[in-house]
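Residue numbers (our numbering): 522 to 774.
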């Protein structure tokens with residue numbers, strides 16, 4: 522019998538790091554299930570990958586909707602790799618004046634979204650005999666910075682999920698990998714954070730010659746996932762050379 526292709530589920534696959542990760546895993550031979558809220562973006566990516574001879578499937582999914590996540594999990598025949606990528610930031614207001622609605626939105630997608638999908642797919646990942654959970658967190662989950670309270674709190678939550686889950690399932694055939702990127706320049710992250718203000722979004726990367734790209738992160742994810750099964754990359758922090766910390770960045774004058 523021909524062995525089935527290994528299946529990788531990628532959340533937030535419609536753009537940025539998620540789309541780049543889907544491409545990398547498809548190139549590595551995985552059957553990639555693309556999930557996100559924007560069906561048109563998913564369909565375009567699926568068309569691109571199919572034209573290259575890759576094995577893909579598409580499922581529109583909001584990771585904050587537990588019923589939808591459970592239905593999605595039940596529809597899968599198998600799952601070997603889960604990449605929890607869906608996330609995002611809103612605003613840069615200080616704690617004293619931040620909008621709790623923004624914090625709630627960030628918590629729901631960055632923390633509860635990870636929880637929903639991981640819980641729903643953990644049985645299939647375990648049944649695979651060689652499962653991998655990847656959580657794309659952030660250096661914001663490892664340190665604080667002014668104006669980042671809500672996002673920092675949410676990403677600390679994602680980091681804690683990875684760390685705690687690894688402790689709780691040790692002995693099962695499932696790895697838990699956390700990739701924590703620093704400054705990554707994508708088309709949408711900063712623009713979404715600044716609510717469409719292109720000038721403020723561009724200023725984040727001003728003077729930084731080479732911020733990370735979505736493909737840099739995707740390459741790292743693919744490397745970690747394709748290590749031998751007994752090798753677990755617990756936590757990998759990824760920054761551009763110009764960034765020494767969340768608040769120490771070299772910018773060319």
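All residues carry an ideal CB built from backbone N, CA and C; glycine is no exception.
Put residue i into one of helix, strand or coil per three-state DSSP.
{"i": "residue 619", "result": "coil"}
{"i": "residue 759", "result": "strand"}
{"i": "residue 702", "result": "strand"}
{"i": "residue 696", "result": "strand"}
{"i": "residue 626", "result": "helix"}
{"i": "residue 581", "result": "strand"}
{"i": "residue 730", "result": "coil"}
{"i": "residue 652", "result": "strand"}
{"i": "residue 557", "result": "strand"}
{"i": "residue 605", "result": "strand"}
Could you tell me the boundaries of the alpha helix (DSSP H) in which residue i lies?
{"i": "residue 682", "result": "670-689"}
{"i": "residue 539", "result": "537-548"}
{"i": "residue 521", "result": "For the chain, the structure presents residues 522 to 774; residue 521 sits outside this window and is missing."}
{"i": "residue 640", "result": "634-648"}
{"i": "residue 712", "result": "710-714"}
{"i": "residue 590", "result": "587-596"}
{"i": "residue 721", "result": "719-724"}
Considering only residues of the same chain and omitting the five flanking positions on each side of residue i, which have a CB-CB separation below 8 Å?
{"i": "residue 750", "result": "651, 694 and 696"}
{"i": "residue 596", "result": "580"}
Measure the C-alpha to C-alpha separation of residue i and residue j and round it to an integer number of angstroms.
{"i": "residue 678", "j": "residue 631", "result": "8 Å"}
{"i": "residue 603", "j": "residue 655", "result": "6 Å"}
{"i": "residue 636", "j": "residue 533", "result": "15 Å"}
{"i": "residue 570", "j": "residue 577", "result": "7 Å"}
{"i": "residue 759", "j": "residue 645", "result": "29 Å"}
{"i": "residue 757", "j": "residue 699", "result": "6 Å"}
{"i": "residue 638", "j": "residue 774", "result": "44 Å"}
{"i": "residue 707", "j": "residue 732", "result": "10 Å"}
{"i": "residue 753", "j": "residue 744", "result": "11 Å"}
{"i": "residue 587", "j": "residue 581", "result": "14 Å"}
{"i": "residue 688", "j": "residue 720", "result": "43 Å"}
{"i": "residue 634", "j": "residue 529", "result": "17 Å"}
{"i": "residue 539", "j": "residue 607", "result": "7 Å"}
{"i": "residue 709", "j": "residue 525", "result": "35 Å"}
{"i": "residue 547", "j": "residue 566", "result": "11 Å"}
{"i": "residue 583", "j": "residue 527", "result": "24 Å"}
{"i": "residue 734", "j": "residue 702", "result": "10 Å"}
{"i": "residue 572", "j": "residue 617", "result": "51 Å"}
{"i": "residue 649", "j": "residue 585", "result": "25 Å"}
{"i": "residue 662", "j": "residue 682", "result": "11 Å"}
{"i": "residue 669", "j": "residue 614", "result": "7 Å"}
{"i": "residue 729", "j": "residue 680", "result": "27 Å"}
{"i": "residue 770", "j": "residue 704", "result": "9 Å"}
{"i": "residue 717", "j": "residue 609", "result": "14 Å"}
Near residue i, which residues of its chain fall below 7 Å by C-beta distance, leaving aside the five closest residues on each side in sequence?
{"i": "residue 736", "result": "541"}
{"i": "residue 623", "result": "611, 612 and 671"}
{"i": "residue 725", "result": "711"}
{"i": "residue 740", "result": "545"}
In its own chain, which residues sit with a C-beta less than 6 Å from the C-beta of residue i, not counting the 5 before and 5 after it?
{"i": "residue 647", "result": "693 and 695"}
{"i": "residue 746", "result": "602 and 653"}
{"i": "residue 686", "result": "697"}
{"i": "residue 675", "result": "627, 628, 631 and 632"}
{"i": "residue 722", "result": "711, 712 and 715"}
{"i": "residue 543", "result": "531, 534, 553 and 555"}
{"i": "residue 560", "result": "581"}
Cβ-heavy atom distance between residue i and the ligand ATP below 7 Å?
{"i": "residue 636", "result": "Ligands are entirely absent from the displayed structure, and the ligand ATP is therefore not among its contents."}
Which residue marks the beginning of the beta strand (DSSP E) containing residue i, and which one marks its end?
{"i": "residue 571", "result": "Careful: residue 571 lies outside any beta strand (DSSP E), inside the alpha helix (DSSP H) at 560-572."}
{"i": "residue 529", "result": "528-531"}
{"i": "residue 752", "result": "Taken as a continuous stretch (DSSP letters only), residue 752 belongs to no beta strand (DSSP E), as it is neither H nor E."}
Contact the region 690-708 vs the region 590-600: 3+ CB pairs below 8 Å:
The region 690-708, when compared against the region 590-600, does not touch it at the 8 Å Cβ threshold.
Between the region 621-629 and the region 545-562, do at least 3 Cβ pairs fall closer than 8 Å? As far as the Cβ criterion goes, the region 621-629 does not touch the region 545-562, which means the pair count is below three.
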